[in-house]
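Heads up, the thing below is written out as structure tokens.
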Amino acid sequence: MDGWYRLLADQITPKLLETYTYASQTEELPSSCYNAIITLILKDGKDPYSCESYRPISLINTDTKILAKVLANRLIKVITSFIHPDQTGFMPHKTTSINLRRLYTHIQLAHQCQTAGAVASLDITKAFNWQYLWKVLEKIGCGPMFISWVKLLYKKPVAQVRVNNTLSEVFELKRGTRQGCPLSPLIFALAIEPQAAKIRQTPMVKGIKIGNLEEKVALYADDVLLFLADTNLSLQTALEILEKFGRLSGLWLNKTKSVLFPLGSSVAGDNPPALSLVSRFRYLGIIVTTDPSLYTNENLEPILAKFKSVTPHWNKLPLTLWGRVNLFKMLYLPKFLYPLWNLPIYITNQFFKKLNSELISFIWANKAPRIAWLTLTAPKEKGGLALPHLQDYYFAAQLSYIHNWFNPDRSNSLTALHAAIMGSLEAIRNLPYRRQADLPPLPEVLTTPRKAWVKLQTKVLTPLSQLSGKSPLWRNSNLPHMRRLVDFQYWPQLGIRHLDDLLVENCFASLELKVKLNGPNIQFFRYLQLRHAFHSQFGSYQLSPTLLSWEARLWALDPTKLVSQLYSIIQASHPAPFNKAKRKWLATVPSLDEDQWDETTDNLYDFLISLRDRMIQFKMIHQIYVTPLKLKAMGKLERSKCVKCNMAEAGFLHLIWDCPKVLTYWTEVTHYIEEHLSLPGIRSPEVCLLGIIDELIPLQKSRTLLRSLVFYAKKVVIMKWMSPIPPTIQQWIELINGTLPLIRLTYNARGVPEKFEKIWEPWLDANPSISLPDD
Numbered sequence: 001m002d003g004w005y006r007l008l009a010d011q012i013t014p015k016l017l018e019t020y021t022y023a024s025q026t027e028e029l030p031s032s033c034y035n036a037i038i039t040l041i042l043k044d045g046k047d048p049y050s051c052e053s054y055r056p057i058s059l060i061n062t063d064t065k066i067l068a069k070v071l072a073n074r075l076i077k078v079i080t081s082f083i084h085p086d087q088t089g090f091m092p093h094k095t096t097s098i099n100l101r102r103l104y105t106h107i108q109l110a111h112q113c114q115t116a117g118a119v120a121s122l123d124i125t126k127a128f129n130w131q132y133l134w135k136v137l138e139k140i141g142c143g144p145m146f147i148s149w150v151k152l153l154y155k156k157p158v159a160q161v162r163v164n165n166t167l168s169e170v171f172e173l174k175r176g177t178r179q180g181c182p183l184s185p186l187i188f189a190l191a192i193e194p195q196a197a198k199i200r201q202t203p204m205v206k207g208i209k210i211g212n213l214e215e216k217v218a219l220y221a222d223d224v225l226l227f228l229a230d231t232n233l234s235l236q237t238a239l240e241i242l243e244k245f246g247r248l249s250g251l252w253l254n255k256t257k258s259v260l261f262p263l264g265s266s267v268a269g270d271n272p273p274a275l276s277l278v279s280r281f282r283y284l285g286i287i288v289t290t291d292p293s294l295y296t297n298e299n300l301e302p303i304l305a306k307f308k309s310v311t312p313h314w315n316k317l318p319l320t321l322w323g324r325v326n327l328f329k330m331l332y333l334p335k336f337l338y339p340l341w342n343l344p345i346y347i348t349n350q351f352f353k354k355l356n357s358e359l360i361s362f363i364w365a366n367k368a369p370r371i372a373w374l375t376l377t378a379p380k381e382k383g384g385l386a387l388p389h390l391q392d393y394y395f396a397a398q399l400s401y402i403h404n405w406f407n408p409d410r411s412n413s414l415t416a417l418h419a420a421i422m423g424s425l426e427a428i429r430n431l432p433y434r435r436q437a438d439l440p441p442l443p444e445v446l447t448t449p450r451k452a453w454v455k456l457q458t459k460v461l462t463p464l465s466q467l468s469g470k471s472p473l474w475r476n477s478n479l480p481h482m483r484r485l486v487d488f489q490y491w492p493q494l495g496i497r498h499l500d501d502l503l504v505e506n507c508f509a510s511l512e513l514k515v516k517l518n519g520p521n522i523q524f525f526r527y528l529q530l531r532h533a534f535h536s537q538f539g540s541y542q543l544s545p546t547l548l549s550w551e552a553r554l555w556a557l558d559p560t561k562l563v564s565q566l567y568s569i570i571q572a573s574h575p576a577p578f579n580k581a582k583r584k585w586l587a588t589v590p591s592l593d594e595d596q597w598d599e600t601t602d603n604l605y606d607f608l609i610s611l612r613d614r615m616i617q618f619k620m621i622h623q624i625y626v627t628p629l630k631l632k633a634m635g636k637l638e639r640s641k642c643v644k645c646n647m648a649e650a651g652f653l654h655l656i657w658d659c660p661k662v663l664t665y666w667t668e669v670t671h672y673i674e675e676h677l678s679l680p681g682i683r684s685p686e687v688c689l690l691g692i693i694d695e696l697i698p699l700q701k702s703r704t705l706l707r708s709l710v711f712y713a714k715k716v717v718i719m720k721w722m723s724p725i726p727p728t729i730q731q732w733i734e735l736i737n738g739t740l741p742l743i744r745l746t747y748n749a750r751g752v753p754e755k756f757e758k759i760w761e762p763w764l765d766a767n768p769s770i771s772l773p774d775d
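Taken in order, the sequence shown gives residues 1 to 775; the numbers are from the UniProt record's numbering.
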């Protein structure tokens with residue numbers, strides 16, 4: 001919610017409560033709470049001259065949004081009791097991927113099994129009338145008080161449309177909900193649910209059967225899919241239901257925009273279907289085709305082509321390397337992430353090589369790269385620039401689907417569909433642990449996450465034969481001796497299904513097995529057979545199965561931030577760039593220990609405001625700067641002499657520290673720090689170059705000041721890097737004084753102006769002539 005409300009919550013909350021209480025008593029909100037400004041957003045690929053091509057988003061009074069959010073928070077706790085799992089739009093723990101993967105599962109199964117069937121993608125137009133909504137709320141059991149609050153929001157809303165910064169005349173809203181209201185998605189889900197329920201309950205609408213499961217409907221808010229076994233009677237019956245529903249509710253089907261998508265090579269039905277047949281349509285932002293292998297060409301290649309077309313213009317911008325990384329993350333990363341997350345097929349390295357090539361060309365402005373790819377993509381805390389590694393994200397996204405295999409949600413329609421394909425929830429749970437030879441033919445929606453699992457095992461050099469404690473014991477070709485057990489079904493019936501079930505403290509259970517099974521009698525001869533098979537399989541009664549880091553995360557119940565956490569785990573499998581940097585610095589500071597290095601890396605960027613300054617710090621810690629020694633090795637210089645002192649073998653350490661003229665400068669800087677600022681003036685690489693000062697200075701504000709001062713001292717050296725003119729202390733003072741106004745403005749913008757005064761007070765006292773902006 002608006003930051004102003006958060007900042008003044010203690011003062012505003014009582015007044016809001018008074019306002020809402022009075023509104024409830026008078027059955028009317030203040031007139032300002034009913035006003036909205038509608039902004040029009042053009043839909044992708046639509047005609048800009050058609051009104052229907054725009055999505056209206058309402059800018060609503062914040063007081064109204066707070067009330068609507070309170071009502072939504074109450075409704076969300078119980079809404080799944082009224083809404084079928086087929087509806088995923090804005091439901092708790094539901095995403096667009098559920099509907100998309102259901103759709104692709106049916107497409108891939110139709111290709112595998114050569115079956116007929118079709119999917120109707122329906123376009124819902126108009127808006128429901130409010131009298132219908134009140135009846136729905138009453139029918140599901142909402143109390144009169146809750147309904148009265150909802151009616152309060154809908155009593156007399158008005159709006160204006162903003163076009164080209166011009167507002168239209170005020171007009172009344174008499175039906176539907178406002179996009180932008182926190183309560184609207186839940187209200188709409190309740191309003192459309194009777195339509196979906198009627199279709200599910202009508203036998204004449206024949207859905208697609210998978211085992212004992214019949215799939216008929218998938219909804220994401222008003223994006224409706226019908227899964228149909230035939231396109232005559234089933235489709236016609238469904239359309240009749242929709243027409244009747246439209247007369248009652250006000251929600252009508254737009255037949256001109258609704259389409260019929262065949263799943264197989266043919267469509268079941270004798271007569272021409274009532275909707276237009278298509279082989280390609282857009283659903284939830286994804287282009288769906290009859291051939292799933294075209295997913296990359298339809299959904300990822302166009303984004304890559306667009307990115308390639310804008311980079312020549314972006315290359316003209318005066319951006320640092322880090323600035324280019326951030327530009328990509330802001331404007332194009334979200335465009336790539338969504339289709340990568342929803343990928344229903346496995347894509348090879350070829351696409352990512354092409355993508356990375358374009359990305360590297362942009363990051364380096366078509367110049368030769370000077371930093372390794374894994375350094376660019378490593379997290380900042382590991383020494384990288386956090387450039388997105390999109391292939392790792394793809395693996396993380398695919399692995400995230402395994403979470404629901406391990407922790408099946410019975411209210412998830414996708415789980416029910418995949419359980420019907422595999423035969424049981426247990427079969428889904430065991431899928432990642434089985435060899436390909438043990439599996440029946442499956443749709444790629446199921447095999448792709450498993451391939452990502454296997455690929456990641458190979459990537460982090462984990463032996464594929466290494467068994468997890470979650471590995472299934474039965475029908476597992478990785479455990480041939482367990483497969484040879486006669487009548488092995490005896491043990492699953494007792495709950496012995498996975499390797500962990502046989503172990504107590506990494507040892508084959510003896511009497512503990514009965515306790516573990518909560519007391520059922522175990523036939524002793526069967527126990528001996530099981531123990532013999534275990535020993536034959538592993539050569540011992542002791543076993544220490546492993547649970548890999550991403551595996552443990554997938555078994556955890558909490559799905560929050562799952563993809564980002566899996567991405568971090570995958571990133572951690574790459575070598576940390578800081579390790580290589582540390583080896584370089586050990587040549588300079590042999591006494592550098594692990595704690596000191598951690599202090600350096602933990603405090604590398606926090607005190608720096610400017611992105612350019614952070615980039616300088618990055619290049620310094622990794623010793624990336626070009627030196628005469630490097631240029632000679634590259635064949636670009638005949639000699640490697642320092643241009644300041646004319647000494648040979650001028651490498652990184654010489655230019656930043658050992659050069660006599662630079663060392664004189666460092667002496668003057670440390671003397672100034674000690675004499676004028678009363679801080680330790682120790683002239684050493686540990687303090688001046690690496691900022692290792694925690695043991696020298698107890699106060700955090702003094703640590704921040706000293707780290708800032710020595711950084712700007714390094715910056716002056718780098719500004720004179722290949723110049724014959726050495727840096728001077730006056731240049732250092734002028735650089736800091738020129739930067740302080742921007743630093744102060746930043747602290748003011750963050751709402752902590754007093755922090756600037758605490759940190760920089762000694763410097764301001766020593767330099768009273770500095771001109772700083774007013775608060």
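Heads up, the beta-carbon is just placed ideally off N, CA and C, and yes, glycines get one too. Please read all numbers here as calculations on a predicted model, not as lab measurements.
Per the C-alpha coordinates, the member of Pro14, Leu7, Pro440 and Ile208 positioned closest to Ile107 is Ile208.
Here the alpha carbon of Glu381 sits roughly 15 Å from the alpha carbon of Ile570. Around the Cβ of Ile725, a 10 Å sphere holds fewer than 16 other Cβ atoms; the residue is exposed.
For Asp123, the enclosing beta strand (DSSP E) stretches over residues Ala118 to Lys126. The Cβ-Cβ distance between Gly383 and Thr601 falls below 9 Å.
In this structure, DSSP gives Arg703 a helical state, which the three-state scheme calls helix. Ranked by Cα distance from Asp392, the first of Asn366, Ile363 and Ile347 is Ile347. In the DSSP assignment, Lys354 falls within the alpha helix (DSSP H) that extends over Asn349 to Ile363. Taking C-alpha positions only, Leu566 is separated from Ala386 by approximately 15 Å.
Taken through DSSP and simplified to helix, strand or coil, Asp595 comes out as helix. Under the DSSP assignment, Tyr54 falls in the beta strand (DSSP E) whose first and last residues are Tyr54 to Ile60. Taking C-beta atoms as the reference points, Gly117 and Ile421 fail to come closer than 9 Å. For Asp86, the secondary structure class from DSSP, reduced to helix, strand or coil, is coil. Listed in chain order, the alpha helix (DSSP H) elements of length 4 or more contained wholly in the segment 308-333 are 321-331. The distance from the Cβ of Leu706 to that of Trp763 is about 11 Å, inconsistent with a contact at the 8 Å cut-off.
Judged by DSSP in its simplified three-state form, Pro577 adopts helix. For Gln391, the enclosing alpha helix (DSSP H) has its first and last residue at Leu390 to Phe406.
The shortest C-alpha to C-alpha distance from Ser723 to any of Lys644, Ala633, Leu343 and Lys206 is the one to Lys644. With fewer than 16 other beta carbons inside 10 angstroms of its own, His313 counts as exposed.
Between Ala372 and Ala576, the beta carbon gap of about 12 Å keeps them out of contact (Cβ cut-off 8 Å). A distance below 8 Å between beta-carbons, with the five flanking residues on each side excluded, links Leu167 to the following residues of its chain, in chain order: Ile37, Gln160 and Val161.
For Lys714 and Leu317, the gap between their C-alpha atoms comes out near 26 Å.
CA-to-CA, the gap between Met145 and Ser184 works out to about 18 Å.
For Tyr20, the three-state secondary structure derived from DSSP is helix. With fewer than 16 other beta carbons inside 10 angstroms of its own, Val78 counts as exposed.
Bounds of the alpha helix (DSSP H) holding Lys451 are Glu444 to Lys459.
Residue pairing by DSSP places Pro262 opposite Ala118 in a beta bridge. Val716 is not a Cβ neighbour of Leu689, given a cutoff of 9 Å. Rounded to the nearest whole angstrom, the CA to CA distance from Pro56 to Thr177 is 11 Å. The beta carbon of Ala68 is closer than 7 Å to those of Leu153, Cys181, Pro182 and Leu183 in its chain, skipping five residues each way along the sequence.
Per the coordinates, the alpha-carbon of Lys630 lies some 55 Å from the alpha-carbon of Asp438. About 11 Å separates the Cβ atoms of Ile692 and Arg703, ruling out a contact at the 8 Å cut-off. The continuous alpha helix (DSSP H) containing Gln493 extends over residues Tyr490 to Gln493.
Nearest C-alpha to Val163 among Gly89, Ile199, Ala274 and Thr39: Thr39. DSSP, reduced to helix, strand and coil, places Thr289 within a strand of the structure shown. Residue burial is scored here from C-beta neighbours: Met719 has fewer than 16 other C-beta atoms within 10 angstroms and is therefore classed as exposed.
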